[in-house]
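Undergrad:
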């Protein structure tokens, strides 16, 4: 209908847009994968790059075809199912608390600090240039679509770089600890503040979710603790201090404990995590 109206108005019809980013095949009666191909209903065999083999004993329950970068990249997400029992992951070994921040993405109770990479900010000027070029093209034209693909691919690159760094950092933390505790912060609230762009660039929520997933895959214990007052409490004696965010070094007036502000906060998180775990499994009297 749009193309008809455009032709009557003397304008060149615009190409159709991709309405959906994914579509689902909910069930399969036979095993659809043969070599490096997958058979999709009503479509037939499609070549794929199979990242890993389907484990034995699992059946394919559904396949979702996902489009990225405005239809220039396609992915197949396979849902598998098996009747297995997943045991509860016990808490054992070394416990580590993790504080997330904008200066150091990760600060642990052991003193490890990992600086926050600026995934989006470093490529912001390039993204701005591509978006400016796209805005100067006639909307829905072929040249406009080419520029939109470039913009989408850069966004895709930024997201992949961020996720890769988060996964590697999560594995690094799991190499050093058996129990990991983080704060239960609602990062959506942080994203609405004046540092929202940097909070979204850091991807705190994605990192916490990936860390939880990696802990489950590697048999590590993961839990969240109350975030209130972690940066205002001394990890040594428990006294309160009210220095503002510009003070990056914690010095306690009561016990003379001194450490990096974020590391001290991570120690408080670790202490709360241990207390929470002990009180949940052995009772409050044992924990305190």
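Residue numbers (our numbering): 2 to 289. The C-beta atom is built at its ideal place from N, Cα and C for all residues, glycine as well. On a predicted model such as this, the values are computed, not experimentally measured, just so you know.
With the cut-off set at 8 Å, would you say residue 104 and residue 267 are in Cβ contact?
TA: no
Undergrad: For residue 38, which residues from the same chain have a beta carbon less than 7 Å from its beta carbon, with the 5 sequence-adjacent residues on both sides left out?
TA: Result list for residue 38: 46, 47, 48 and 49, in chain order.
Undergrad: Does the Cβ of residue 263 have 16 or more other Cβ atoms within 10 Å, making it buried, or fewer, making it exposed?
TA: Its Cβ being crowded by 16 or more others within 10 Å, residue 263 is buried.
Undergrad: Below 8 Å on the Cβ atoms is my guess for residue 257 versus residue 250; work out the distance and round it to an integer in Å.
TA: Residue 257 to residue 250, Cβ: 13 Å. No contact.
Undergrad: Which residues in the same chain have their Cβ closer than 7 Å to the Cβ of residue 192, if we skip the five residues on either side of it in sequence?
TA: Contacts found: 200 and 201.
Undergrad: What are the partner residues of residue 65, as DSSP defines its beta bridges?
TA: 25 and 78
Undergrad: From what residue to what residue does the alpha helix (DSSP H) around residue 251 run?
TA: That residue, residue 251, is in no alpha helix (DSSP H); its beta strand (DSSP E) goes 250 to 252.
Undergrad: Does residue 164 come out as helix, strand or coil in the three-state DSSP assignment?
TA: Residue 164: helix per DSSP, three-state reduction.
Undergrad: Using C-beta distances below 6 Å, list every residue in its chain close to residue 219, excluding the 5 sequence neighbours before and after it, in chain order.
TA: 175
Undergrad: For the putative contact between residue 152 and residue 184, defined by C-beta atoms under 8 Å, what is the C-beta separation to the nearest angstrom?
TA: Not a contact, Cβ separation roughly 34 Å.
Undergrad: Give the single residue among 102, 269 and 180 whose Cα lies nearest to the Cα of residue 241.
TA: 269
Undergrad: Could you please give me the residues that DSSP links to residue 101 through a beta bridge?
TA: 107
Undergrad: What does the alpha-carbon distance come out to for the pair residue 204 and residue 129?
TA: 21 Å
Undergrad: Any contact between the region 66 to 83 and the region 230 to 238? By contact I mean 3 or more CB pairs, one from each, below 8 Å.
TA: no
Undergrad: Determine the direct distance from the alpha carbon of residue 228 to that of residue 81, and round the result to whole angstroms.
TA: 36 Å
Undergrad: Leaving out the 5 sequence neighbours to the left and right, which residues in its chain are closer than 7 Å to residue 122 when beta-carbon positions are compared?
TA: Sequence-distant partners of residue 122 (beyond 5 residues in either direction) whose C-beta falls short of 7 Å from its own C-beta, in its chain, are 202.
Undergrad: For residue 118 and residue 149, I'd like the C-alpha separation in whole angstroms.
TA: 26 Å
Undergrad: Using only the alpha-carbon positions, how far apart do residue 157 and residue 69 sit?
TA: 8 Å
Undergrad: Does the count of Cβ pairs from the region 53 to 62 and the region 128 to 143 closer than 8 Å reach three?
TA: no
Undergrad: Please say whether residue 33 and residue 40 have beta carbons closer to each other than 8 Å?
TA: yes
Undergrad: Return yes when the Cβ of residue 155 is within less than 8 Å of the Cβ of residue 124, no when it is not.
TA: For residue 124 and residue 155, yes; Cβs fall inside 8 Å.
Undergrad: Apply the 10 Å Cβ neighbour rule to residue 84 and answer buried if 16 or more other Cβ atoms are within range, or exposed otherwise.
TA: Here residue 84 is exposed: its Cβ has fewer than 16 other Cβ atoms, across all protein chains shown, within 10 Å.
Undergrad: I'd like to know whether the C-beta atoms of residue 178 and residue 71 end up nearer to each other than 8 Å.
TA: no
Undergrad: The beta strand (DSSP E) with residue 260 in it runs from where to where?
TA: Unbroken beta strand (DSSP E) run through residue 260: 259 to 261.
Undergrad: Which first and last residues belong to the alpha helix (DSSP H) in which residue 130 is found?
TA: 125 to 136
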